[in-house]
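For the sequence shown, our numbering gives the first residue as 6, with consecutive numbering after it. All C-beta atoms in this analysis are idealised placements derived from N, C-alpha and C, irrespective of residue type, glycine included. Notes to accompany the following structure.
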Amino acid sequence: MKTLNILFFAVLVLFASCTKETEVIEVAEVNYEGVYLGKFDCTGLLSSENGEEFQITISKIEGESAYAIDFGDELIFTGNLENNQLVIHRQTINEDLGFDVVTMEGKVSFEEENIYSLDLFHKVDEEESSDCLIELTKV
Numbered sequence: 006m007k008t009l010n011i012l013f014f015a016v017l018v019l020f021a022s023c024t025k026e027t028e029v030i031e032v033a034e035v036n037y038e039g040v041y042l043g044k045f046d047c048t049g050l051l052s053s054e055n056g057e058e059f060q061i062t063i064s065k066i067e068g069e070s071a072y073a074i075d076f077g078d079e080l081i082f083t084g085n086l087e088n089n090q091l092v093i094h095r096q097t098i099n100e101d102l103g104f105d106v107v108t109m110e111g112k113v114s115f116e117e118e119n120i121y122s123l124d125l126f127h128k129v130d131e132e133e134s135s136d137c138l139i140e141l142t143k144v
């Protein structure tokens with residue numbers, strides 16, 4: 006009888022541990038176009054701006070698979086959609102002007118509903134660089 010109880014218990018555990026297959030849901034391509042609000046949360050030079058609100062505008066570049074990411078103050082970088090993330094490959098602007106030479110790279114990722122994250126490396130001239138992880142809200 007004891008053996009039968011153990012066997013019954015083992016079969017019960019086996020059936021209970023089996024789960025039905027979960028359905029794989031494909032995520033549609035994320036639309037990154039829009040206006041976003043965020044607050045600085047950085048280490049390095051930009052840490053002095055932590056808590057400050059800012060706005061960026063992302064727009065699709067006509068005829069291309071690229072996007073323009075406008076941080077304001079004429080800081081416009083380009084990004085490409087890769088694996089459903091908007092990737093900003095390392096770019097430097099104002100090199101020929103000799104002032105405010107800005108280098109940036111990072112990515113924007115969809116989190117949920119109207120929430121996105123911006124993971125960013127930023128450097129101005131030869132000053133200390135900054136690493137930021139910023140929550141963006143699409144408005």
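Tell me which residue opens and which closes the beta strand (DSSP E) that Ile-66 is part of. That residue, Ile-66, is in no beta strand (DSSP E); it is neither H nor E in DSSP.
What three-state label does DSSP hand Leu-42 in the structure shown? strand
Where Gly-4 and Leu-80 are concerned, what is the direct C-alpha to C-alpha distance, given to the nearest angstrom? With the chain represented from 6 up to 144, any question about residue 4 goes unanswered, as that position is not in the structure.
Which of helix, strand or coil DSSP assigns to Glu-54: helix
By how many angstroms is the C-alpha of Arg-95 removed from the C-alpha of Lys-112? 10 angstroms
Using only the alpha-carbon positions, how far apart do Glu-54 and Glu-133 sit? 14 angstroms
Which term fits Ser-135, buried or exposed, when burial requires 16 or more other beta carbons within 10 angstroms of its beta carbon? buried
Backbone secondary structure at Asp-124 - three-state DSSP: strand
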